[in-house]
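Peer 1: With the sequence shown counted from 1, adding 96 to any position gets you this note's numbering.
Just so it is clear, CB atoms sit at the ideal spot from N, CA and C, and this is done for glycine as well.
There's a structure below that I have some questions on.
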Amino acid sequence: MSLLSPWPAEQLCLTHKERKEAVTAVELAFASALASLKVDIGLKEMFESLYVPLGAWLLCRKRQQSGPLVIGINGAQGAGKSTLFNLIEVILSEGFGQKVVGFSLDDIYKTRHERERLAEIVHPLLRTRGVPGTHDVQLGIDIIKSLKAGDPNRPTKIPVFDKSIDDRCPTSVWQEWVGPADVIVFEGWCVGALPESNETLNVPVNTLERVEDANGDWRRYVNRQLEEKYQELFSMIDSLVMLKVPNMEAVYSWRSLQEKKLAERMKYIFDTQQPADHLRIMNEDEIVHFIQHYERLTRVMLEEMPDRADVTLFLNENHKISDVQINRPVSLCR
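Encoded structure:
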């Protein structure tokens with residue numbers, strides 16, 4: 097498949113005219129951002145060859161059920177989940193007239209105090225956010241239920257997590273959604289993940305597990321959490337889209353790049369030359385240690401999820417989508 101990764105023709109849920117009209121609307125919506133960011137023409141071409149057809153495919157899925165469509169986006173650190181959400185949001189709203197709301201698994205992290213308590217009573221590694229067991233899963237379930245209900249008299253409050261302080265923001269600054277939604281997007285690194293068998297947990301996959309979880313208590317706790325409450329949350333997803341990174345090496349590299357960009361952005365915002373560590377930016381060694389918390393489950397997902405997700409978008413070494421795999425075709429709905 098070409099670098100532009102054209103959407104499979106047999107699942108192109110648009111006429112040529114419909115696609116052109118949607119692409120034009122999306123380009124207008126993105127015009128100022130594309131100009132200010134000096135994005136090359138490649139992204140515009142991807143609107144027509146990939147992203148607008150993906151939006152149309154998702155719209156077909158929505159029309160084949162009652163109520164809002166809940167889309168899950170899975171992808172390892174640095175894969176581009178937030179970017180994909182932004183694209184889907186604009187394409188479905190501007191191109192197809194849908195009301196779209198979304199939130200991230202990151203938004204429902206337990207507070208720092210809650211994680212510190214878990215670290216004391218369960219395992220010290222649970223102080224670090226990210227793995228199953230460090231999220232308020234019931235909060236996520238309640239948010240999706242509220243968004244699906246769409247009661248205009250009861251706004252849905254969506255939490256905001258501030259990674260610079262590693263804690264949840266006060267409820268006074270949480271986002272609000274009022275009324276019904278057509279599409280709900282839920283993105284996160286382990287969205288849709290399945291638990292491992294107990295036998296596979298016995299062998300550590302990296303230095304962190306060998307040294308800091310020698311007895312396997314942490315990874316067994318994480319797996320148990322994933323097996324229980326998280327599956328209830330993930331079962332609310334109607335369509336799962338996976339951004340599949342090439343390998344774990346890419347995760348480390350792209351996450352490192354994310355951290356450097358964050359450092360540059362924070363320095364610009366605060367107009368300061370303060371050291372990165374003062375701004376809670378991780379160095380290379382810290383990034384490696386941090387990613388090792390996620391490595392076990394990431395490797396499992398890279399192995400089994402591409403053939404299970406409804407749509408898998410394969411990323412190449414240059415961070416471009418180079419292939420598309422549809423595991424759950426839709427009936428065309430023009």
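Compare the Cα-Cα distances from Lys158 to each of Lys416, Asp278, Glu382 and Pro266 and report the closest residue.
Peer 2: What you label residue 158 is simply residue 62 of the sequence shown in a count that begins at 1. Looking at the Cα atoms, Asp278 is the closest of the given residues.
Peer 1: Under 7 angstroms Cβ to Cβ from Val197, same chain only, skipping five residues before and after it: list those, please.
Peer 2: Against the sequence shown, residue 197 aligns to sequence position 101. Excluding sequence neighbours, Val197 sits near Leu243, Trp273, Ala277 and Ile280.
Peer 1: Which of helix, strand or coil does DSSP assign to Phe294?
Peer 2: For this step, residue 294 is matched to residue 198 along the sequence shown. Per the sequence shown, the amino acid found at residue 294 is Asn instead of Phe. Note: Asn294 maps to helix in three-state DSSP.
Peer 1: Count the other CB atoms within 10 Å of the CB of Val318; is the residue buried (16 or more) or exposed (fewer)?
Peer 2: Residue mapping note: residue 318 aligns to position 222 of the sequence shown, counting from 1. Its Cβ being crowded by 16 or more others within 10 Å, Val318 is buried.
Peer 1: Helix, strand or coil for Gln173? Go by DSSP, reduced to three states.
Peer 2: The count along the sequence shown starts at 1 and reaches residue 173 at position 77. DSSP places Gln173 in coil when its eight states are reduced to three.
Peer 1: Would you kindly check if the distance between the Cβ of Ile422 and the Cβ of Pro104 is under 8 angstroms?
Peer 2: Translated into positions along the sequence shown, residue 104 becomes position 8. Translated into positions along the sequence shown, residue 422 becomes position 326. A contact, by the Cβ cut-off of 8 angstroms.
Peer 1: Verify whether the separation of the beta carbon atoms of Asp232 and Lys206 is less than 8 angstroms.
Peer 2: As a working mapping, residue 232 is identified with position 136 in the sequence shown. As a working mapping, residue 206 is identified with position 110 in the sequence shown. Yes, they are a contact pair.
Peer 1: Roughly how many angstroms lie between the CA atoms of Arg223 and Glu216, to the nearest whole one?
Peer 2: Walking along the sequence shown from the start, residue 223 turns up at place 127. Walking along the sequence shown from the start, residue 216 turns up at place 120. Computed Cα separation, rounded: 9 angstroms.
Peer 1: How far does the beta strand (DSSP E) with Trp273 in it extend, from its first residue to its last?
Peer 2: For the purposes of this step, residue 273 is identified with residue 177 of the sequence shown, where counting begins at 1. Taken as a continuous stretch (DSSP letters only), the beta strand (DSSP E) holding Trp273 covers Gln271 to Trp273.
Peer 1: Which stretch, first to last residue, makes up the alpha helix (DSSP H) that contains Met397?
Peer 2: The count along the sequence shown starts at 1 and reaches residue 397 at position 301. Where Met397 is concerned, the enclosing alpha helix (DSSP H) stretches over Glu380 to Glu400.
Peer 1: Using only CA atoms, which one of Cys109, Asp403 and Gln388 lies nearest to Glu308?
Peer 2: Start at 1 with the first residue of the sequence shown, and residue 308 comes out as number 212. Measuring from the Cα of Glu308, the nearest candidate turns out to be Gln388.
Peer 1: Could you tell me the alpha carbon to alpha carbon distance between Glu123 and Arg404, rounded to whole angstroms?
Peer 2: Position 27 of the sequence shown, counted from the start, is the residue given in the question as residue 123. Position 308 of the sequence shown, counted from the start, is the residue given in the question as residue 404. Near 32 angstroms, if we compare the C-alpha coordinates of Arg404 and Glu123.
Peer 1: Along the chain, which unbroken stretches of the beta strand (DSSP E) at least 3 residues long are found entirely within the region 197 to 221?
Peer 2: Qualifying beta strand (DSSP E) stretches: none in this window.
Peer 1: Would Val301 and Glu391 be called neighbours here (beta carbons separated by less than 8 angstroms)?
Peer 2: By 1-based counting over the sequence shown, the position of residue 301 is 205. By 1-based counting over the sequence shown, the position of residue 391 is 295. Yes, the Cβ-Cβ distance between Val301 and Glu391 is below 8 angstroms.
Peer 1: Excluding the 5 residues preceding and the 5 following Tyr326 in the sequence, name in chain order all residues of the same chain whose CB lies nearer than 7 angstroms to its CB.
Peer 2: For this step, residue 326 is matched to residue 230 along the sequence shown. Result list for Tyr326: Pro228 and Val233, in chain order.
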